[in-house]
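Quick note on numbering: full-length UniProt numbering labels position 1086 of the sequence shown as 1086, and the sequence is numbered without any gaps. Every residue gets a Cβ at the ideal spot worked out from N, C-alpha and C, and that includes glycine. Okay, so here's the structure we're looking at.
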Amino acid sequence: MFTPTDLADLLECEHRSVLNQAFAAGLPGAPRPDRGGDRLAVKHGRAHEQATLSRLRQERHAVIEIDLGADAVAATKEALASGAPVIYQAAFDDGEFRGRADFLLRDAEGRYEVHDTKLARHARPAAVLQVAAYADALRRAGWPAGPNMHLLLGDGSTRTLRVADFLPLLHRLRARLLRREPRLPDRLWADPRPACASCGFAAHCASGRETDRDLSLVAGMRSGQRRKLVDAGMGTIDALAAAGPDDRPKDMTEGSFAALRAQAAIQVRQDRTGEVAYEIIDPTALAELPQPSPGDVFFDMEGDPYALDGGGIEYLFGAVTADGGPRFTPFWAHSRAQEKHAFERFVDFATDRLAAHPGSHIYHYAPYEVTALKRLAAVHGTREEAVDSLLREGALIDLYAVVRKALRVSQRSYSIKDLEPLYMPSARSGEVKNAASSIEAYEDYLTLTQLGDTEKAAAVLREVADYNEYDCVSTLRLFEYLHKVRAEAGIDPAKPADESDMDVLLRQTEEDLAAERRAERAARMAALVDPLLDGLPDNPADFGPDERARALLAAAVGYHRRETNPAWWDFFRQLSAPLTDLEADTACAVPVSVRAEPWVAPTGRVRTAKRTVHIVCAADQPHLFSPRDQVRLRYAGTHRNAVVTSASTDRLTVEESCKPDEITDDRPLAVLPGEPVRPTPKDEAIADLAQSVVDGLPALPEHPGIDLLRGSPPRLRGGKPLPPATDDLVHTVIKAVDALDGSTLAVQGPPGAGKTYLAGKLIAHLVRAGRTVAVTSTSHKAVENVLTAALSAAPDLPCAKQAKVPDPDSAWDQPKSYPQLAKWRTEHDTGHLVGGTAWTFANNSVRAHPFDVLVIDEAGQFALADALAVSTAAKNLVLLGDPQQLPQVVQGTHPPGSDSSALGHLVGDADVIPANLGYFLDQTRRMHPAVCAPVSHLSYAGLLHAHPSTADRRIEGVPSGLYLAEVNHHANTTRSVEEAAAVTKIVAALHNRTWTDQGTTRPLGDEDILVVAPYNLQTRTVAGELERAGFPGVRVGTVDRFQGQEAPVVITTMTSSSAVDLPRGLDFLLSRNRLNVALSRAQAVAILVCSPRLVEADIRTVDQMRLVSGMIGLMNAATPVDFT
1 MFTPTDLADL
11 LECEHRSVLN
21 QAFAAGLPGA
31 PRPDRGGDRL
41 AVKHGRAHEQ
51 ATLSRLRQER
61 HAVIEIDLGA
71 DAVAATKEAL
81 ASGAPVIYQA
91 AFDDGEFRGR
101 ADFLLRDAEG
111 RYEVHDTKLA
121 RHARPAAVLQ
131 VAAYADALRR
141 AGWPAGPNMH
151 LLLGDGSTRT
161 LRVADFLPLL
171 HRLRARLLRR
181 EPRLPDRLWA
191 DPRPACASCG
201 FAAHCASGRE
211 TDRDLSLVAG
221 MRSGQRRKLV
231 DAGMGTIDAL
241 AAAGPDDRPK
251 DMTEGSFAAL
261 RAQAAIQVRQ
271 DRTGEVAYEI
281 IDPTALAELP
291 QPSPGDVFFD
301 MEGDPYALDG
311 GGIEYLFGAV
321 TADGGPRFTP
331 FWAHSRAQEK
341 HAFERFVDFA
351 TDRLAAHPGS
361 HIYHYAPYEV
371 TALKRLAAVH
381 GTREEAVDSL
391 LREGALIDLY
401 AVVRKALRVS
411 QRSYSIKDLE
421 PLYMPSARSG
431 EVKNAASSIE
441 AYEDYLTLTQ
451 LGDTEKAAAV
461 LREVADYNEY
471 DCVSTLRLFE
481 YLHKVRAEAG
491 IDPAKPADES
501 DMDVLLRQTE
511 EDLAAERRAE
521 RAARMAALVD
531 PLLDGLPDNP
541 ADFGPDERAR
551 ALLAAAVGYH
561 RRETNPAWWD
571 FFRQLSAPLT
581 DLEADTACAV
591 PVSVRAEPWV
601 APTGRVRTAK
611 RTVHIVCAAD
621 QPHLFSPRDQ
631 VRLRYAGTHR
641 NAVVTSASTD
651 RLTVEESCKP
661 DEITDDRPLA
671 VLPGEPVRPT
681 PKDEAIADLA
691 QSVVDGLPAL
701 PEHPGIDLLR
711 GSPPRLRGGK
721 PLPPATDDLV
731 HTVIKAVDAL
741 DGSTLAVQGP
751 PGAGKTYLAG
761 KLIAHLVRAG
771 RTVAVTSTSH
781 KAVENVLTAA
791 LSAAPDLPCA
801 KQAKVPDPDS
811 AWDQPKSYPQ
821 LAKWRTEHDT
831 GHLVGGTAWT
841 FANNSVRAHP
851 FDVLVIDEAG
861 QFALADALAV
871 STAAKNLVLL
881 GDPQQLPQVV
891 QGTHPPGSDS
901 SALGHLVGDA
911 DVIPANLGYF
921 LDQTRRMHPA
931 VCAPVSHLSY
941 AGLLHAHPST
951 ADRRIEGVPS
961 GLYLAEVNHH
971 ANTTRSVEEA
981 AAVTKIVAAL
991 HNRTWTDQGT
1001 TRPLGDEDIL
1011 VVAPYNLQTR
1021 TVAGELERAG
1031 FPGVRVGTVD
1041 RFQGQEAPVV
1051 ITTMTSSSAV
1061 DLPRGLDFLL
1071 SRNRLNVALS
1081 RAQAVAILVC
1091 SPRLVEADIR
1101 TVDQMRLVSG
1111 MIGLMNAATP
1121 VDFT
């Protein structure tokens, strides 16, 4: 018999679940858990539940309350049978599961849905699992049940969720509990994980790690490093401390091993002496620490990631100034609008002090503050220039980075609390002692405020303020201590580079001009953004369609600058970051060895010298570079541009260039990404659209881009409604586009549903009718695919695509420049087709002569802001794509909604596009019905169906459908040789079998099998295995490479041993979009190759819970098989 609490334990930590079961069974040696509790939940949870009960009695009148007696289950059945509108404290007991749901509410169709009260202000995975268990119990008992379940949260909001999204995970956990016998684990403690914060065994496990001297005690030890050291025979901190250089694991760099050895050694010394100590490891970092200034600000933020329905809030910006003694200034926020105001006040406060005291800085500890400031500037669309200036001028100093670079400390963590014994010997006091308890206290404050206990709420808020002030003062004292360390070590402060008076004048003039340009840009943006936002409700939930369109357009004005900012920040960070940081940066490559060929002197018109450099990287740290990529080679004190000429698993060949007088024989220390591209044309196009809207406010113009923002149904001539979908959707779409009246039409085309075919037929029809048509997409290749489809439908239609280097085999004309393109259009003014990327149609000269229709292909990955930019070059828009496939890539942080794709914006949270906005192509001609069904349920609400012609596809001896090949392995992250071997055996088992498609038969060859991997390293590992096994022609790649492709057989290797081992998180590997793309490449057979532990995860959010459950659902739907 198990309860919802047992399910939650297993969800959050299997070790906790096993120990709880062992303790409940009375097993000898089972540790006793600390039975702490949420004091507010105990005190106020019942009140919240009773308030909900009173409200339901007023609204529904007839409420049946189930007593706590032995006949509670029978009473619940009787109440359900009577059709009671509300049942309170419904009891379930099926012999395996026992629990009580707060409320069952009956809907108009006679179905019951679970409503459970939670004092928390956001939905937590454990609470969702509990409600899902009640909903499942309702179904198992045979009662009519609705599709949803509901959490009634402490802030008065309701979180509604689909029961089916969580049942696969619930059933898996339930089955594991049922088949597990009480036992004690071999090791009574577990590795640290997020669930430790609320676990009754946390102290027990921490003590066990301490007793066994586990490597997790070493500060900065990553799980992958720990595994390598254990495999090499160094399983304790003492063994690592005593190790010599020759003990280094072969797959660990010398620098990483040396740093971990030294860290272990200094910690072991502290364990013996009891004294906190430090070592200086980089005097330069201390030398570069700025001198104290009276304007210095010592800054710390407090944020609650769960507040505001999971959107999070930065609720306190704390600042301490040191002139005249430490003085604390708090800036509070308890709503989204207040967050914006508090952020603005802090930035103004800090920039004013820095302006009044040149040479001052803002000091903080750890990257959180900088990350949060950048995000807040972007999300709220305010103080962006000010924050950018602070970053560019180096005004924000992270003392954590200084400490990690300058010192080695004997503590087990480099958190500021663990450094305080060096400079603030007295221990912290008060209830709030760390960030987690600060969040808990702030949640207490919100709950107390909601319940009207203002006196207690104010006391809790004071505790939070005291904690934040202590952190700010601690940052100040650490700054002073670092100066003391520098002085005691005799390290002189770094001197500014020598500059002549003329150099100083030139530099100051450049800085002044740059500041002037930034100020002008900020003024131009404000002239557009301020009128668009003026008068809008503070809460976006209160926006109407026009208000939402204005807010999104305001966000689009700065979109491309925000989108490129992270690349520029990384650009400068990577030039100075420690090489150990770059080793963990997947965008960079740190060589294990380098071989440089001799320099080739310039000749003729060539003015730069060149040389080829061959680089070998660590095999377990794959780079992301490809041939023709522009990169930078970092040297000591400088960097040079280069181009990648070849790339493989762990090797790079680049060609670098420099002026003849800058030639050196140095070897590069790292390979970094090239300089970001400046998106000026797109910015200008959006600014023009925004200006046209501002000029007409408060009314909004009839414009396809504005209709897109409003989410309006397509506007047709004569006010006609959108033609209903028919069996001939090509004809229906053509009819709708013909009638468009300066508006936008969307078509969602799942894999194999004929989207490109439809585009070709539509474009051919339009051009033959004398219309001018443009096609754009996310890449040149995607554009050219649509051009090819259009020419297939009408070989004689005038077609052009600009090309800097013309292709003599091209099927279309290739103007070399924008003037030549304009001339070509004039010469073909009776109807023509032009292809290009967003850069083409954002160009001023192209926008001067708008096209009748602009088709955006791959609109599910095409940025909404890019769609607005190109909409200025068109009278009507047609969006073609599928937001359920690969998501749009977003690098920056943007206001909510503005980071969507064009089609994703229209579809929203739905699986398919609403019928009033466009058309859903509901029939695929690619996937066999047995493959289509699980994909349809995964991504299209079961509405995608296979064309009857696909049912005849088959492979000899292998029924069509989805298969699951489980491979046992442990601790793999981005590479699994075990899965690579399994993939190779599967390929061998299927190779040369007879493939039948529409009556044609032939043997399966290399070209008929496609292998999808999530990581580049696994792609290379699998490709190498297949080549050695004699299958060099099998296509292997990541999903982004294969979008639009198909094969009779698709094998997806998931690679990671468990969802705990994911380097890029659950959201990447288990993404529903990525799984959809991978599986939907298959015409007949799709095979998932994965570890049976893949779905074991540290689930922290409801969204992650849904992802894991979706993956379990796929695994359940698949047929287990061993092709080997």
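Within the same chain, and ignoring the five residues on either side of P679 in sequence, the residues whose Cβ sits closer than 7 Å to its Cβ are H560, T564. Between L260 and V297, the beta carbon gap of about 35 Å keeps them out of contact (Cβ cut-off 8 Å).
Rounded to whole angstroms, R162 and E547 show a C-alpha spacing of 30 Å. L729 sits in a helix when the DSSP states are folded into three classes.
Counting only residues of its own chain and dropping the five nearest sequence neighbours on each side, P566 has a CB closer than 6 Å to the CB of Q891, G892. According to the DSSP secondary-structure assignment, Q998 is paired through a beta bridge with no residue. Around the beta carbon of G69, fewer than 16 other beta carbons lie within 10 angstroms, which makes this residue exposed.
Residue environment for E302: buried (at least 16 other C-beta atoms within 10 angstroms of its C-beta). Under the DSSP definition of a beta bridge, K801 partners with G835. Residue pairing by DSSP puts S657 in a beta bridge opposite K610. Looking at E516, A551, G154, T1101, the one whose alpha-carbon comes closest to that of D530 is A551. DSSP places P1048 in the uninterrupted beta strand (DSSP E) bounded by 1047-1053. The straight-line gap separating the alpha-carbon atoms of A793 and T776 is approximately 18 Å.
Under DSSP, C1090 shares a beta bridge with E966. Leaving aside the five residues that flank A307 on each side, the residues in its chain whose CB is nearer than 6 Å to its CB run, in chain order, I313. In the DSSP assignment, F201 forms no beta bridge with any residue.
In this structure, P1092 keeps its C-beta atom at 8 Å or more from the C-beta atom of M1054.
The DSSP assignment places 994-997, 1000-1003, 1009-1012 as complete runs of the beta strand (DSSP E) inside the stretch 980-1036, in order along the chain (cut-off: 3 residues). DSSP places F343 in the uninterrupted alpha helix (DSSP H) bounded by 336-356.
For Y112, the pairing in a beta bridge is given by DSSP as R106, A145. Pairing H334 with L376, the inter-Cα distance amounts to about 15 Å.
In this structure, A84 places its C-beta atom within 8 Å of the C-beta atom of A62.
Under the 10 Å beta carbon count, H765 is surrounded by 16 or more other beta carbons and is classified as buried.
For L864, the uninterrupted alpha helix (DSSP H) run begins and ends at 864-871, by DSSP. When secondary structure is reduced to three states using DSSP, P578 falls in the coil class, being assigned neither helix nor strand. Secondary structure remark: continuous alpha helix (DSSP H) runs of at least 4 residues inside the stretch 651-730, in chain order: 680-696, 704-710.
For the beta strand (DSSP E) assignment, the uninterrupted runs of no fewer than 3 residues enclosed by the stretch 376-403 are, from N- to C-terminal side, 396-398. The three-state reading of DSSP puts P1120 in strand, counting E and B together.
Here A145 is not near L152, since their CB atoms are 8 Å or more apart. Here W569 carries a helix assignment [DSSP, helix/strand/coil].
The continuous stretches of alpha helix (DSSP H) do not include F331, which lies in the beta strand (DSSP E) extending over residues 327-332. The secondary-structure analysis by DSSP pairs L745 across a beta bridge with V878.
A736 sits close to L745, with the two beta carbons spaced by under 8 Å. Where R640 is concerned, the enclosing beta strand (DSSP E) starts and stops at 638-647.
With 16 or more other Cβ atoms from the protein chains shown falling within 10 Å of its own Cβ, P591 counts as buried.
Taking the Cα positions, A769 is about 34 Å away from L886.
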